[in-house]
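Asks:
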Amino acid sequence: MANNLGISRTPIREALKQLAFEGLVELRKGSKARVSSVSPEDALDYQLLRERLESLSAELAANYTTERDIRELIEITEQQDKSLELKDYHQFIELDYQFHSKIAELSNNKKLVEFINYLNLQVQRFLVLSNTLSDSGIEAVDEHYVIIEMLQKQESEQAGVTMQNHIKNVTRRIFGHSKTKEDTK
1 MANNLGISRT PIREALKQLA FEGLVELRKG SKARVSSVSP EDALDYQLLR
51 ERLESLSAEL AANYTTERDI RELIEITEQQ DKSLELKDYH QFIELDYQFH
101 SKIAELSNNK KLVEFINYLN LQVQRFLVLS NTLSDSGIEA VDEHYVIIEM
151 LQKQESEQAG VTMQNHIKNV TRRIFGHSKT KEDTK
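At position 97 of the sequence shown the residue is numbered 97 (the UniProt record's numbering), and the sequence of numbers has no breaks.
See the structure below:
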């Protein structure tokens, strides 16, 4: 890999260690690095954690969100809408990460931001593999606008409930219906 990129092995090694730390790559002695797998059970576990943590994040963010933050969230969501029109689903997923990360940042809780960003990285892989965005991406965009509205009104409890419902809906759209861990066994 280092030869192909024309760089030394040290930055490659460090990058792979970071990816392994994030759970995206598996490193084994004497073997090549490989992309780690994500099972439906893992995705459901991540989504359950997202429901709880991101609803808390939205609740807290409602207390700190400024008009500038609202404009930024609207801009991200408008770009998501455009990416759907262009069928650029990878861009949509990146913007989705930005949307949820921005709300986490607005919570003013550094650990919450770290956990949410980690979970969203894990779920991104499953979202790509689920191949559901062409059918359901617009629903996610519509839900983002409702979340933004609750943040703008500084209705913290309703912002949390709206975010929790959004994450539940994402889970339903990925799996086709409301699944639990037991359904995947």
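Where is the CB? At the ideal position from N, CA and C, for every residue including glycine.
With a cut-off of 8 Å on the beta carbons, I'd call L60 and S101 a contact; round off their distance for me.
Replies: That belief does not hold up - the Cβ atoms of L60 and S101 are roughly 14 Å apart, past 8 Å.
Asks: Contact check, L56 vs L112 under 8 Å by CB: the rounded distance?
Replies: 7 Å
Asks: Pull up the distance between the alpha-carbon of I103 and that of E51, whole angstroms please.
Replies: Spanning the two alpha carbons is a distance of roughly 14 Å.
Asks: Using only the alpha-carbon positions, how far apart do H166 and K32 sit?
Replies: 38 Å
Asks: Note down the Cα distance separating T66 from L73, rounded to an integer number of angstroms.
Replies: 11 Å
Asks: Look at the alpha carbon of D42 and the alpha carbon of L49, and state the distance between them as a whole number of angstroms.
Replies: Answer to the nearest angstrom: the Cα atoms are 11 Å apart.
Asks: So, under 8 Å CB-CB, residue 195 and Q154 are touching, yes? Tell me the CB distance rounded to an integer number of Å.
Replies: Residue 195 is absent from the structure shown; the chain starts at 1 and stops at 185.
Asks: Considering only residues of the same chain and omitting the five flanking positions on each side of E182, which have a CB-CB separation below 8 Å?
Replies: No answer about E182 holds up, because its pLDDT of 47 lies below 50 and its placement is not dependable.
Asks: Using CA atoms only, rank isn't needed, just tell me which of E14, Y89, I70 is closest to L151.
Replies: Checked all of E14, Y89, I70; the closest Cα to L151 is I70.
Asks: Tell me which same chain residues have a C-beta within less than 8 Å of the C-beta of I148, skipping the five on either side of it?
Replies: I70, L73, I74, T77
Asks: With DSSP run on the structure shown, which of helix, strand or coil describes N165?
Replies: It is helical.
Asks: Terminal residues of the continuous alpha helix (DSSP H) containing Q91?
Replies: 89 to 106
Asks: Does Y64 come out as helix, strand or coil in the three-state DSSP assignment?
Replies: Looking at Y64 - three-state DSSP - the assignment turns out to be coil, as it is neither helix nor strand.
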